[in-house]
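Novice: Following this message is one structure expressed as structure tokens.
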DNA sequence: CAGCATCCTTATCGATACTG
DNA sequence: CAGTATCGATAAGGATGCTG
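Protein chains in written order, with the UniProt record's numbering: chain D, 1 to 117; chain C, 1 to 117.
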């Protein structure tokens with residue numbers, strides 16, 4: 001079977017959107033450093049709301065990229081971690097993120113030039 | 001200077017969003033094969049509307065990832081191509097896309113398992 | 001702590017019509 | 001051909017209150 005994200009109806013496209021979406025990428029990104037709990041994640045992914053983080057984690061879990069482990073204690077404790085596939089995905093994502101971060105001076109330069117026209 | 005996409009106000013975050021956004025990534029992805037004209041792009045990025053493609057291209061051009069070359073002929077002809085930075089970015093993006101496409105069976109499997117609970 | 005439910009505001013998007 | 005302008009539907013997102 002062939003998958004192609006460039007095709008409108010390909011099932012790979014929703015998954016790509018989860019991974020590259022506003023919060024999906026950042027969530028995967030912070031999880032490469034190891035498992036994190038819900039509120040820990042919230043703090044690291046600066047700006048994400050409870051609701052969005054929750055939704056994002058569910059989508060990533062459903063895609064098999066994130067593993068959710070709930071301990072039935074009081075207070076409750078839930079650990080989120082990357083699956084093997086999640087880690088591979090996150091690695092590629094971080095390669096992109098690091099490139100962009102490193103080249104931001106160039107980007108800002110281009111923006112200034114564009115706006116000056 | 002330090003850039004960090006995980007920080008809410010970092011200027012790198014909008015750029016990451018342009019690159020990983022719904023249409024930005026696909027647009028960069030098809031441009032790796034060489035320069036394309038507007039309507040050619042529209043056809044290849046299946047599902048994108050005129051408006052979204054236009055906006056996407058402007059954002060990518062402003063970030064210095066895409067080069068726009070307009071010829072003042074009649075009918076008009078405009079070629080879009082990747083800048084060197086755009087190409088490096090697209091390469092990383094494609095690495096991610098190809099990984100996901102290759103592993104979609106695994107993803108679909110995980111989704112089925114998730115939904116069955 | 002780790003969420004879900006609800007409401008409400010805002011941005012996104014697509015469709016349509018139009019221009020140089 | 002390569003767009004821009006405008007509008008209405010829809011979805012994303014934030015704030016708040018509540019639960020086990």
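From the three backbone atoms N, C-alpha and C, an ideal C-beta is built for every residue, glycine too. Only a predicted model underlies this, so the values are computations on that prediction, with no experimental measurement involved.
(1) Name the chain D residues whose beta carbon is nearer than 9 angstroms to that of residue 51 of chain C?
(2) Taking the runs of the alpha helix (DSSP H) that are 4 residues or longer, which of them lie wholly in the UniProt domain "HTH hxlR-type" (10-108) of chain C?
(3) Buried or exposed for residue 50 of chain C, please, with buried defined as at least 16 other CB atoms from any protein chain shown within 10 angstroms of its CB.
(4) Give me the chain D residues within the contact set of residue 27 of chain C, using Cβ-Cβ distance strictly less than 7 angstroms, ordered along the chain.
(5) Please determine if the stretch 71-91 of chain C and the stretch 24-44 of chain C are in contact, where contact requires at least 3 C-beta pairs separated by less than 8 angstroms.
(6) Does residue 7 of chain D come out as helix, strand or coil in the three-state DSSP assignment?
(7) Quick check: the stretch 13-20 of chain C against the stretch 92-104 of chain D, are there 3 or more CB pairs under 8 angstroms?
(8) What separation, rounded to the nearest whole angstrom, lies between the Cα atoms of residue 5 of chain C and residue 107 of chain D?
(9) Under 8 angstroms by Cβ, that's how I've got residue 89 of chain D and residue 53 of chain D pegged, so tell me the actual separation to the nearest angstrom.
(10) Mark residue 104 of chain C as exposed unless 16 or more other C-beta atoms lie within 10 angstroms of its C-beta, in which case mark it buried.
(11) When the Cα atoms are used, what is the spatial distance from residue 92 of chain D to residue 59 of chain C?
(12) Counting contacts by CB-CB distance shorter than 8 angstroms, is residue 106 of chain D in contact with chain C?
(13) Suppose contacts are defined by Cβ-Cβ distances below 8 angstroms. Is residue 63 of chain D in contact with residue 55 of chain C by that definition?
(14) Which residues in the same chain as residue 118 of chain C place their Cβ atom closer than 6 angstroms to its Cβ, once the five residues preceding and following it in sequence are excluded?
(15) What's the C-alpha gap between residue 1 of chain D and residue 117 of chain D?
(16) Quick check on residue 73 of chain D: buried or exposed, where buried means 16 or more other Cβ atoms within 10 Å of its Cβ?
(17) Indicate whether residue 3 of chain C and residue 109 of chain D have their beta-carbon atoms separated by less than 8 angstroms.
Specialist: With the given structure in hand:
(1) The premise fails here: residue 51 of chain C is roughly 16 angstroms from chain D at the closest Cβ pair, so nothing lies under 9 angstroms.
(2) 12-20, 24-31, 38-44, 50-62, 84-102
(3) exposed
(4) Result: empty, since nearest Cβ-Cβ is about 10 angstroms, beyond 7 angstroms.
(5) yes
(6) coil
(7) yes
(8) 14 angstroms
(9) Between residue 53 of chain D and residue 89 of chain D the Cβ distance is about 18 angstroms, and since that is not below 8 angstroms, they are no contact.
(10) buried
(11) 23 angstroms
(12) yes
(13) no
(14) Past the edges of chain C, shown from 1 to 117, lies residue 118 of chain C, and the structure says nothing about it.
(15) 48 angstroms
(16) exposed
(17) no
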